[in-house]
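Student:
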Amino acid sequence: MRKRRSLEKSQHIFGYLMIIPALLFFVIFVIYPSLDAIGLSLSFWHGYGERVFVGLQNYINLLHDPVFWLALKNNIIFVIATTILQTLIPMVLAVMLVRNNFLNTFFRVSFFVPNIISFIITGSLWAMIFEPNFGLLNTILQNLGLETWKQLWLADPKWAFPCIVFVSLWQSMGFYLIIFYAGLQRIPDEVYEAASVDGADSLRRFLFITVPLLRPVTTVVVIINVIGGFKVFDLIWAMTTGGPNHATEVMATYLYTLAFGSVGTGTPRMGYAAAIGIMILIFSVLASVIQLRIREADTLEY
Amino acid sequence: MARKVKVTIATLILSGLLLVAAAGAQEAVTITMWTWFDDFQTAFPKIVDKWNSEHPEIRVEQQVFSLNEYLQKLQAAVAGESEPDILAPHVMVRSLGEGGVTIDFNEWLDEEFLSRFAPGTIRQFTWDGHLYSLPWTAQTFGIFYNKDIFEKMGLNIPETWDDLIEVSHTIRGMDSSIQPLPFGNRDKWLGCDFFLPLITQVTDDPTLLIELDRRTDPEREVSWNSEPVIEALKLVKKLVEGEVFAPGINGIANEQALTMFYMGKGAMFYSGSWLPVTIDREAPQGFNWDVFETPAYAPGKRHWTGNESGANLAVSARSKHIEEALEFLKFMYSPEVYSPAMVEARGMPATMEALQGLEDPAIKKMASWLEDGAPHILYGEGSWDAVANAVQGLMGGQLTPEEAAAQIESDVQRVIGR
Amino acid sequence: MNIKLKIKAGDIVRYIFLFIVFVVTIFPLVWMVINSFKNRSEIFIGPLWPEKFMLDNYKFVIENLDIGKSFMNTTIVTAVSIFLILVVSVMAGYAFAKIKFPGRNAIFLALIASLTIPPQVTLIPLFLMLKEMSLLDSLTGLIASYTGLGVAFSIFLMRAFFVTIPDALRESAIIDGASEFTAFWKVVLPLAKPGIATVAIFQFVSIWNEFMYAATFILSPEKRTLQPTIRSLVGRYSTDWGSLCAGMVIAVIPILVTFIILQKQFIKGLTAGAIKG
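So the sequence lines, in the order shown, correspond to chains Y, U and B.
First residue of the first sequence? That's 1322 in this note's numbering, and the numbers climb one at a time after it.
First residue of the second sequence? That's 2 in this note's numbering, and the numbers climb one at a time after it.
First residue of the third sequence? That's 2 in this note's numbering, and the numbers climb one at a time after it.
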């Protein structure tokens, strides 16, 4: 018995030793600043001078701030739209490209390329494309004789968000595709062969075999999408800075404006900005937890 | 053995002497300067080199950052109490000054030096008798236009906004591929700069805007949700509906509109006195342009135009070398240094002397409008954001003038109340 | 006969669809590359294909922006960060997947939860902390920050890979007398190559493209990294689009090349090492 106990103990020690280096970095460079940020959210601070402790005042102000609610609403819409699109489409594409031949590999690699481009570049690039007068999109529509399809795109509150969602899809599609592709590798060919013998066609094979077997991967993809959707900043900032008139404002862009000023807001309100940051965190965590609860009967072990 | 000992002792004594000498010697002072004035990217190093060669005891190091990362860096530095000795506070002039981060120039510089500046520029940076920043360049706004297009279409320089609308109609009628006035409001600031002087145009009273922004006079009740503001907003709406601007104004970035102007796809362009140097750099060869005064609200009324400078310099109050920093500043403003720098960067000077010595025709013309200068930069809590967002909403057709005015006031009140 | 035709038609439809997606995916980038060779005034107005290809933009970027130095700095920061992240995350990922120890689940949950923290919020606190540690304006400080930032997701990925490797491998090694570390190092780790490649690719992309921390924590010009340097081409009043595109092309090529190389490894590893059933 003692031998087993000490074997267990040495296992514990080994486990801790293995995680300590990572935890060291994590605690110092992530946890500590985050705790500081929480403290900041409970104070008023201009970035210089004293930090004044005000308890939950920032949060109370948030609840009364119509811009915050608008940003939150935009975030939720963004999360739902991008999660659905950025899960289904890459999954379908991965299935289409599952065979390992040259053409498929070529497609897989090319679809990933947008993901490599930094948000700043992507945002600037697509802002150029969507430019209403001489941007690529309207020019092409014009040349194809589809003038009535021309829109103001990013300038039009109706279209600004859909454009941003599209660009987000464009950029991240390849990333999720690869994750699904890796997941598909784990599904043995025999399963498919058996199904073929039974007479199932592609669609049924997809719906009743592939999708269920991809469940764990899908869960991961959905969670990453949800978290990313609440945190989204760079892309929107580069394309519209949250405008026009808050049409594309999300929590992170509002945070940034409050902390650093888009061009100028007078006094920076770091405490308030930090409070918004904490709200982003809370919502992401909530959404992920809800998502996981729904999938409780799942193979992803914890 | 003995020899080794002797050598060791000698070395020790020598090192000791050197250390003492080093400790006793004067340490050179280093001053840092951070700005975002990219027009001065070539002029500043020259100024710094000249200074450094003449002043070995006070070394200056400067960096010019691009604006989109400058504010972030500055704020981080301020938070860490490590800001540069000389900085360009941009719109944080007031908050940094009142927060004690930058010095009050009234306490450090004498009347003689300060009187060299164009009067409005000093007022702009003064709060409660404290001067927190010195203007580096002055600025006015006007409407730049393509002379070839105007000649070809036989257009007259518009005197009032109504004239401008007529000119726009003519342009559209004669050539639908040319936009009368491409305007890029995607980043919100140009719309703000355009709209705010109009309030002064309506009332002929520049102090109204200052009061709206600062709310310092207890005797005077002002609100953004008032007649003059709504009138000014209505004017903007009239211009939008008169199809003066290119469509999709909120989706166009300023530089895209500018490109349209350069390429002859836009007849006019609203901009400030920083534009000539940009045109020099970027427009195609043979681009024939000039600039006319901002139109007036009605015939015979003053052509009020925005005249506040965004390029200004402050000194950190926490610097260990305030005296030296001020010396360098005075050097920068000395006529032999200041005027050539302005000429090289094609900037509008802020000192009376340099203004009088102006030779560049475009800048000279624009400088003559300084007398009709109206405020257009907001420093109050939440003011700028409120106006910028509302103007974007108005220009995009999402808000009526009344709604926009109400939104501005309620946004500001909400921020003040926080 | 009929069945064969049906399959062919389905395939064709599939490939047409894929081709359309391909065009939409690649075209903006092709446009960016074309723009990098154009004169700035031709970019918005004027034909798609430039009158003449000019290298001026590239010359401008290389000469005026000192992009070589930024490139070097970014390479150093990225390489060292990836190395550190891999070392600590592989170890930790293995532990979370294979070793039982008290608090394992709680700590792992904390790591996952940290993925929801938006970086804008920790920017100033991290800046202040680095300042106190005298790590401000240093590549070291940036590397440490990126490592801290990257471990959570990397551990998550590595753990997922390790989980798919059967416990039996470790257990039989231990029964045969190997130490825990040997079991890790000699037996299980070699099978995790695809996982390592995956983490490397993802971290490479995020660190190479990171802008906010790089712009805020690095102050001296000789230590600047690539993204802030390129972003400086986006001016307040005007943007040199041609040079911006040239800069973007320069910034993108290393990742593209690395990805193509690593991707082959990754696929090879997946299909060869995949354990079915």
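C-beta atoms are modelled at their ideal positions from N, C-alpha and C, and glycine is treated no differently.
Select from Y:Thr1561, Y:Ala1415 and Y:Gly1550 the residue whose C-alpha is nearest the C-alpha of Ser1605 of chain Y.
Tutor: Closest by alpha carbon: Y:Gly1550.
Student: So, is Thr141 of chain B buried or exposed, given that buried needs 16 or more other C-beta atoms within 10 angstroms?
Tutor: The residue in question, Thr141 of chain B, is exposed, as its Cβ has fewer than 16 Cβ neighbours within 10 Å.
Student: Taking Glu74 of chain U as the query, report the chain B residues whose CB atoms sit under 8 Å from its CB, ordered along the chain.
Tutor: The question names Glu, but residue 74 of chain U in the sequence shown is Lys. Under the 8 Å cutoff, chain B gives Ala216, Thr217 and Leu220.
Student: Does any C-beta atom of chain U lie closer than 7 Å to the C-beta of Lys132 of chain B?
Tutor: Chain U, which has a Cβ nearer than 7 Å to the Cβ of Lys132 of chain B, makes this yes.
Student: Mind reading off the beta-carbon distance from Phe41 of chain U to Ala346 of chain U? Whole number of angstroms is fine, and I expect it under 8 Å.
Tutor: Yes, Phe41 of chain U and Ala346 of chain U are in contact; Cβ-Cβ is about 5 Å, under 8 Å.
Student: Decide if Ile48 of chain U is buried, meaning its Cβ has at least 16 other Cβ atoms within 10 Å, or exposed.
Tutor: Burial call: buried.
Student: Do Ile176 of chain B and Gln1332 of chain Y have their C-beta atoms within less than 7 Å of each other?
Tutor: In this structure, Gln1332 of chain Y does not lie closer than 7 Å to Ile176 of chain B by Cβ.
Student: Could you run through the segment 247 to 280 of chain U and flag, in chain order, every residue whose CB is less than 7 Å away from some CB of chain Y?
Tutor: Those residues of the segment 247 to 280 of chain U that come within reach of chain Y (Cβ to Cβ, closer than 7 Å) are Ala247, Pro248, Gly249, Ile250, Asn251, Gly252, Ile253, Ala254, Gln257 and Met261.
Student: Helix, strand or coil, according to DSSP, for His131 of chain U in the structure here?
Tutor: His131 of chain U: strand per DSSP, three-state reduction.
Student: Could you run through the segment 169 to 181 of chain B and flag, in chain order, every residue whose CB is less than 7 Å away from some CB of chain Y?
Tutor: Cβ contacts with chain Y come from Glu181.
Student: Excluding the five sequence neighbours on either side, which residues of its own chain have a C-beta within less than 7 Å of the C-beta of Ile77 of chain B, listed in chain order?
Tutor: If we look at Ile77 of chain B and ignore the five residues flanking it on each side, its Cβ neighbours are Leu140.
Student: Could you give the residue range of the alpha helix (DSSP H) that holds Gln1506 of chain Y?
Tutor: First-last of the alpha helix (DSSP H) with Gln1506 of chain Y: Pro1478 to Gln1506.
Student: Are there three or more Cβ pairs, one per stretch, closer than 8 Å when the segment 127 to 134 of chain U is compared with the segment 97 to 113 of chain U?
Tutor: The segment 127 to 134 of chain U is in contact with the segment 97 to 113 of chain U.
Student: Any idea which residues DSSP pairs Gln121 of chain B with across the strands?
Tutor: DSSP lists no partner for Gln121 of chain B.
Student: Distance cutoff 7 Å, beta carbons only. Does Arg15 of chain B sit that close to anything in chain Y?
Tutor: Chain Y, which has a Cβ nearer than 7 Å to the Cβ of Arg15 of chain B, makes this yes.
Student: State the Cα-Cα distance for the pair Phe1432 of chain Y and Ser54 of chain U, rounded to the nearest angstrom.
Tutor: Approximately 56 Å between the Cα atoms of the pair.
Student: Using a threshold of 7 Å, state whether the C-beta atoms of Leu296 of chain U and Leu165 of chain U are closer than that.
Tutor: With the sequence shown as reference, residue 296 of chain U is identified as Pro, and Leu is not the correct amino acid for it. It is a contact, given that the beta carbons lie within the stated cut-off.
Student: If we cut at 7 Å on Cβ distances, does Ala233 of chain U have a partner in chain Y?
Tutor: By this cut-off, Ala233 of chain U is not an interface position.
Student: Using DSSP bridges, identify the partner residues of Gly311 of chain U.
Tutor: Paired residues: none, contrary to the question.
Student: Taking 7 Å as the threshold (beta carbon to beta carbon), is Gly1368 of chain Y in contact with chain U?
Tutor: Yes, contact with chain U.
Student: Would you mind reading off the limits of the beta strand (DSSP E) that contains Met264 of chain U?
Tutor: Careful: Met264 of chain U lies outside any beta strand (DSSP E) and carries neither H nor E.
Student: To be precise: take each residue of the segment 23 to 34 of chain B, compare its Cβ to all Cβ atoms of chain Y, and keep it if any distance is under 9 Å. Which residues remain?
Tutor: Hits within the stretch, in order: Phe23, Val25, Thr26, Ile27, Phe28, Pro29, Leu30, Trp32 and Met33.
Student: Using 10 angstroms around the beta-carbon of Ile262 of chain B, count the other beta-carbons present and answer buried if the total reaches 16, otherwise exposed.
Tutor: By the 10 Å Cβ count, Ile262 of chain B comes out exposed.
Student: When you compare only the Cα positions, how much space is there between Gly25 of chain U and Ile59 of chain U?
Tutor: Reliability fails at Gly25 of chain U, whose pLDDT of 44 lies under 50, so the model's placement of it is uncertain and the value that follows must be treated cautiously. If I take the Cα positions, the gap works out to 17 Å.
Student: Looking at Pro350 of chain U: is its Cβ nearer than 7 Å to the Cβ of Met343 of chain U?
Tutor: In this structure, Met343 of chain U lies closer than 7 Å to Pro350 of chain U by Cβ.
Student: Give the straight-line distance between the Cα atoms of Asn157 of chain U and Val168 of chain U, rounded to the nearest whole angstrom.
Tutor: Approximately 8 Å, taken between the alpha carbons.
Student: At a Cβ threshold of 7 Å, is Ser320 of chain U touching chain B?
Tutor: Not closer than 7 Å to any Cβ of chain B, the Cβ of Ser320 of chain U fails to qualify, so no.
Student: Taking DSSP as the reference, what is the three-state secondary structure of Val1542 of chain Y?
Tutor: Val1542 of chain Y: helix per DSSP, three-state reduction.
Student: Taking Cβ positions only, does Ile68 of chain B come closer than 7 Å to chain U?
Tutor: Chain U, which has no Cβ nearer than 7 Å to the Cβ of Ile68 of chain B, makes this no.
Student: Note down, in chain order, every chain Y residue with its Cβ under 8 Å from the Cβ of Arg187 of chain U.
Tutor: The contacting residues are Ala1448, Leu1475, Ala1476, Thr1561, Thr1562, Gly1564 and Pro1565.
Student: Quick one: what does DSSP say Trp35 of chain U is sitting in, helix, strand or coil?
Tutor: DSSP places Trp35 of chain U in strand when its eight states are reduced to three.
Student: Should Pro207 of chain U be labelled buried (16 or more other beta-carbon atoms within 10 Å of its own) or exposed?
Tutor: Buried is the call here.
Student: Just the C-alpha distance for Asp149 of chain U and Ala368 of chain U, rounded to the nearest angstrom, thanks.
Tutor: Near 24 Å, if we compare the C-alpha coordinates of Ala368 of chain U and Asp149 of chain U.
Student: Can you give me the C-alpha to C-alpha distance between Leu197 of chain U and Pro229 of chain U, rounded to a whole angstrom?
Tutor: In a straight line, the C-alpha of Leu197 of chain U is about 11 Å away from that of Pro229 of chain U.
Student: Could you compute how far the alpha carbon of Ile123 of chain U sits from the alpha carbon of Leu314 of chain U?
Tutor: Their backbone Cα atoms lie some 12 Å apart in a straight line.
Student: Using the Cβ count rule (16 or more neighbours within 10 Å means buried), how would you classify Asn69 of chain U?
Tutor: Asn69 of chain U comes out buried.
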